[in-house]
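Q:
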Amino acid sequence: CVTGPATVIQAVAAGRHAAEAMDSFLMKGYVKEQPVDYSCSRGSLEDLPQWEFEKIPRLKRAPMPALPPAERRDNFREVETGLSEETARAEARRCLKCGCYERYDCDLRQEASLHHIEFKKPVHERPYIPIVEDHSIIIRDHNKCISCGRCIAACAEVEGPDILSFYMKHGRQLVGTKSGLPLDQTDCVSCGQCVNACPCGALDYRSEIGRVFRALNDLGKTTVAFVAPAVRSVVSSQYGVSYQEASRFIAGLLKKIGFDKVFDFTFAADLTIVEETTEFLTRLQSHKRIPQFTSCCPGWVNFVERRYPEIIPYLSSCKSPQMMMGATVKNHFTELSEIDPKDLYVVSIVPCIAKKYEAARPEFATDGIRDVDAVLTSTEMLEMADIKLIEPADVESQDFCEPYKRVSGAGILFGASGGVAEAALRMAVEKLTGEAITDRLDYQEVRGLQGIKEAAVEAKGKKVNVAVISGLHNVEPILEKIIQGTEVGYDLIEVMACPGGCICGAGHPVPEKIDTLEKRQQVLVNIDQTSRYRKSQENPDILRLYDEYYGEANSPLAHKLLHTHYEA
Ligand code: HC1
Ligand code: SF4
694 CVTGPATVIQ
704 AVAAGRHAAE
714 AMDSFLMKGY
724 VKEQPVDYSC
734 SRGSLEDLPQ
744 WEFEKIPRLK
754 RAPMPALPPA
764 ERRDNFREVE
774 TGLSEETARA
784 EARRCLKCGC
794 YERYDCDLRQ
804 EASLHHIEFK
814 KPVHERPYIP
824 IVEDHSIIIR
834 DHNKCISCGR
844 CIAACAEVEG
854 PDILSFYMKH
864 GRQLVGTKSG
874 LPLDQTDCVS
884 CGQCVNACPC
894 GALDYRSEIG
904 RVFRALNDLG
914 KTTVAFVAPA
924 VRSVVSSQYG
934 VSYQEASRFI
944 AGLLKKIGFD
954 KVFDFTFAAD
964 LTIVEETTEF
974 LTRLQSHKRI
984 PQFTSCCPGW
994 VNFVERRYPE
1004 IIPYLSSCKS
1014 PQMMMGATVK
1024 NHFTELSEID
1034 PKDLYVVSIV
1044 PCIAKKYEAA
1054 RPEFATDGIR
1064 DVDAVLTSTE
1074 MLEMADIKLI
1084 EPADVESQDF
1094 CEPYKRVSGA
1104 GILFGASGGV
1114 AEAALRMAVE
1124 KLTGEAITDR
1134 LDYQEVRGLQ
1144 GIKEAAVEAK
1154 GKKVNVAVIS
1164 GLHNVEPILE
1174 KIIQGTEVGY
1184 DLIEVMACPG
1194 GCICGAGHPV
1204 PEKIDTLEKR
1214 QQVLVNIDQT
1224 SRYRKSQENP
1234 DILRLYDEYY
1244 GEANSPLAHK
1254 LLHTHYEA
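Each residue of the sequence shown is one higher than the one before, starting from 694 at the first, in the numbering used here.
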């Protein structure tokens, strides 16, 4: 809470115990023992008028189901001593100025209490510093910053762009950019890992909940939600839903929140595989612009555009599944259902903050109508369910809507690092051999959380070498080699900016509070293993979409709606 960190800093200046408190707090830091969540959630949103939603700092993790044990609450002794269970509960949920919701979830505060730091009103009130809004999505509030440096470490060591640093101004140590330029003029990739690393709400991203509620309340709009593959793993943990039921539960949850139509953009992941693998096989044949890099992660695309523009020709020209789904819904679905595109409000639900940035790119709008009108993180979706007081028992599980109802297990795998490559190999090998593959669908070698993975596949005497990278610092040596003209020995390279892929996206609740990355990945693998269709190219709804609308993969219409270009 706001006075908490400020007081700890004062205490650090004053004595050894406090310094120890800060030390152990930092040593449990994001990088070393990732992922420990020092963030806190907040609540009482239901009491606030709707127009206020956008001003509220967001929840960083799902609401806590119960009060923590008394021993833990005892560490908050200056507030809680002798409180009854009921008063403690009310106290815990009282909205705190930093954006905290459950005060017992503040590890910084707990750590300080363990070291006998008394929380008192600071003797000296620091002057207010205006909130810095030098990025379209990420905002910084220096008044809450405790100079822990976790955002700086997350940017340099977790994700890789390494663009943040401390600087001094008016005698205060503040977080800014290394170059001194506004954040959106640096190599920031908008992944938001700095936001998730911040323990005090000093970094935050813009919430789109308010605009989505307004659209849901607008009777003139048909609202469509579509949900990314990785979201089901978090929903499964959050609501205690089995992996078999997770997809249908999300469809029911979104209907309950108020959307008219609910689609799964795993469908568009299947579409991406058909488009991107066709493009890959064409390049492979001519051996031009090989290796082909995947282009579905907007953090990675931002990185290439900003830091390695020489690599642009090697990127697949495919839009990401999010933007393929948006373009398909705004064109094909509106045509089919005779809805004017301006009356259709499309919301994508993702684990990713860079997807907000992606959807707002000018090339993804026609005549001022965006292909995707709003992007909610999975955390924002959970908040909306919270605001509407939706309990799991209120949710009626159901199928996603026609005409994009069926999806493949290959598309589901997109949500974790290696999934795009695995799905692409399931199609590439079939196309290269001309035979249906039934025995070799699993590519264990590209699964898991390691930053660099490889696979080699023989198909009709042709070897296809694949690399799978997550964490942008892991891809830089390969990019340098390509730029120098050195052979890297790969044909296809999947890159995801976040370590482990989208399951670690900064729009998800921070892992370890409600689950682990391994568990999130396993949910996706389990869904794939038990899917009726395990290859994107076999999805009957995809085949029908090509028959009725796009013609064939990489057709002129597919190029117009499903492919893009990049800016240096
Ligand atoms: Fe991802 Fe993707 S997998 S980028 O991680 O290609 O966000 O889940 O939605 O677009 O499908 C994120 C996840 C996501 C896209 C797909
Ligand atoms: Fe977003 Fe996924 Fe890329 Fe992370 S890895 S920036 S969550 S798309």
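We treat Cβ as the ideally placed atom computed from N, Cα and C, and that holds for glycine.
Just so it is clear, the structure is predicted and the values come from calculations on it, not from any experiment.
Quick check on Arg843: does DSSP put it in helix, strand or coil?
A: Residue numbering aside, residue 843 sits at position 150 when the sequence shown is read from its first letter. Note: Arg843 maps to helix in three-state DSSP.
Q: Could you check where the beta strand (DSSP E) with Tyr898 kicks off and where it finishes?
A: Counting from one through the sequence shown, the residue named residue 898 turns up at place 205. Element bounds for Tyr898: 896 to 898.
Q: Find the nearest neighbour of Phe859 within the set Leu1142, Ile950, Cys838, Pro1034, judged by alpha-carbon distance.
A: Numbered from 1 along the sequence shown, position 166 holds the residue referred to as residue 859. It is Cys838.
Q: Secondary structure at Cys848, three-state DSSP: helix, strand or coil?
A: Residue numbering aside, residue 848 sits at position 155 when the sequence shown is read from its first letter. Residue state, collapsed to three classes: helix.
Q: CA-CA distance, Ala923 and Asp1087?
A: Numbered from 1 along the sequence shown, position 230 holds the residue referred to as residue 923. Numbered from 1 along the sequence shown, position 394 holds the residue referred to as residue 1087. Their backbone Cα atoms lie some 23 Å apart in a straight line.
Q: For the beta strand (DSSP E) holding Gly869, just list the boundary residues, first then last.
A: To locate residue 869, count along the sequence shown from 1; it is residue 176. Its beta strand (DSSP E) spans residues 865 to 870.
Q: Beta-carbon distances below 5 Å to any heavy atom of the ligand SF4 define the shell here; list its residues in chain order, please.
A: After applying the 5 Å Cβ criterion, the set is Cys884, Cys990, Gly992, Cys1045, Ala1047, Met1189, Ala1190, Cys1191, Cys1195, Gly1198.
Q: Quick check on this structure: which residue in Arg899, Gln931, Val1181, Leu1125 has the alpha carbon closest to the alpha carbon of Lys1048?
A: Taking the sequence shown and counting its residues from 1, the one referred to as residue 1048 is at position 355. With distances taken between Cα atoms, Lys1048 lies closest to Arg899.
Q: May I have the straight-line CA-CA distance separating Val1159 from Ser1229, to the nearest angstrom?
A: Position 466 of the sequence shown, counting from 1, holds the residue named residue 1159. Position 536 of the sequence shown, counting from 1, holds the residue named residue 1229. Their Cα atoms are separated by approximately 18 Å.
Q: Pick out whichever of Gln1214, Glu1231, Phe906, Ile832 has its Cα sitting closest to the Cα of Val1100.
A: Here residue 1100 is taken as the residue at index 407 of the sequence shown, counted from 1. For the residues Gln1214, Glu1231, Phe906, Ile832, the minimum Cα distance to Val1100 belongs to Glu1231.
Q: Can you name, in chain order, every residue of its own chain whose Cβ lies under 6 Å from the Cβ of Phe1057, other than the five neighbours on each side?
A: Stepping through the sequence shown from its first residue, residue 1057 is reached at position 364. Closer than 6 Å at the Cβ level, and outside the excluded window around Phe1057, lie Met1016, Asp1064.
Q: Express the C-alpha separation of Lys1012 and Leu1255 in angstroms, rounding to a whole number.
A: Numbered from its first residue, the sequence shown carries residue 1255 at position 562. Numbered from its first residue, the sequence shown carries residue 1012 at position 319. Those two C-alpha atoms are separated by around 6 Å.
Q: Is Val1100 a contact residue of the ligand HC1, with contact defined as CB to any heavy atom under 7 Å?
A: Numbered from its first residue, the sequence shown carries residue 1100 at position 407. No, Cβ of Val1100 sits at least 7 Å from all heavy atoms of the ligand HC1.
Q: Run the CB neighbour count on Ser935, radius 10 Å, all protein chains shown included, and call it buried at 16 or more, exposed below.
A: On the sequence shown, residue 935 is found 242 positions in, with the first residue counted as 1. By the neighbour-count rule (16 or more Cβ atoms within 10 Å), Ser935 is not buried but exposed.
Q: In whole angstroms, what is the alpha-carbon distance linking Arg1140 and Val1218?
A: Along the sequence shown, read from residue 1 onward, the residue named residue 1140 stands at position 447. Along the sequence shown, read from residue 1 onward, the residue named residue 1218 stands at position 525. Their Cα atoms are separated by approximately 9 Å.
Q: Distance, Cα to Cα, Val994 vs Leu807?
A: Against the sequence shown, residue 994 aligns to sequence position 301. Against the sequence shown, residue 807 aligns to sequence position 114. Whole-angstrom Cα-Cα distance: 44 Å.
Q: Taking Cβ to Cβ, would you say Ile1105 is nearer than 8 Å to Thr987?
A: Working through the sequence shown from its first residue, we reach residue 1105 at position 412. Working through the sequence shown from its first residue, we reach residue 987 at position 294. No, the Cβ-Cβ distance between Ile1105 and Thr987 is not below 8 Å.
Q: Looking at the ligand HC1, does it come within less than 7 Å of Ser1013, judged from the CB to the closest heavy atom?
A: Within the sequence shown, residue 1013 is the residue found at index 320, counting from 1. It does: the Cβ of Ser1013 is within 7 Å (strictly closer) of some heavy atom of the ligand HC1.
Q: Name the two residues that bound the continuous alpha helix (DSSP H) containing His1209.
A: Numbered from 1 along the sequence shown, position 516 holds the residue referred to as residue 1209. According to the sequence shown, residue 1209 is Thr rather than His. Premise fails: Thr1209 is in no alpha helix (DSSP H) and is neither H nor E.
Q: Where DSSP assigns a beta bridge to Tyr1038, which residues make up the other side?
A: For the purposes of this step, residue 1038 is taken as the residue at position 345 of the sequence shown. Answer is Thr916, bridged to Tyr1038.
Q: What did DSSP end up calling Thr1059 once you bin it into helix, strand or coil?
A: For the purposes of this step, residue 1059 is taken as residue 366 along the sequence shown, with counting starting at 1. Thr1059 falls in the strand class under three-state DSSP.
Q: Using CA atoms only, rank isn't needed, just tell me which of Arg904, Gly933, Ile1083 is closest to Val1040.
A: Reading the sequence shown from its first residue, position 347 is the one you call residue 1040. Here the closest residue by C-alpha is Arg904.
Q: How should Asn889 be labelled, buried or exposed, when 16 other C-beta atoms within 10 angstroms of its C-beta is the threshold for buried?
A: Working through the sequence shown from its first residue, we reach residue 889 at position 196. Flag for Asn889 reads buried.
Q: Which whole-angstrom value describes the C-beta separation of Pro875 and Leu801, a residue pair presumed to lie in contact below a C-beta threshold of 8 Å?
A: Start at 1 with the first residue of the sequence shown, and residue 875 comes out as number 182. Start at 1 with the first residue of the sequence shown, and residue 801 comes out as number 108. Wrong, their Cβ atoms sit about 29 Å apart, outside the cutoff.
Q: By the DSSP assignment, the alpha helix (DSSP H) with Glu1123 in it spans what residues?
A: Locating residue 1123 in the sequence shown gives position 430, counting from the first residue. Looking at the DSSP string, the run of the alpha helix (DSSP H) that includes Glu1123 is 1112 to 1126.
Q: In chain order, what residues of the same chain lie with their CB nearer than 6 Å to the CB of Gly1194, ignoring the 5 residues before and after it?
A: Translated into the one-based positions of the sequence shown, residue 1194 becomes position 501. Closer than 6 Å at the Cβ level, and outside the excluded window around Gly1194, lie Ala1109, Ser1110, Ser1163.
Q: When DSSP labels each residue in this structure, what does Ser1248 get in the three-state scheme?
A: Working through the sequence shown from its first residue, we reach residue 1248 at position 555. Coil, per DSSP.
Q: With which residues is Tyr1262 paired in a DSSP beta bridge?
A: The chain is shown only over 694 to 1261; residue 1262 falls outside these bounds and no answer can be derived.
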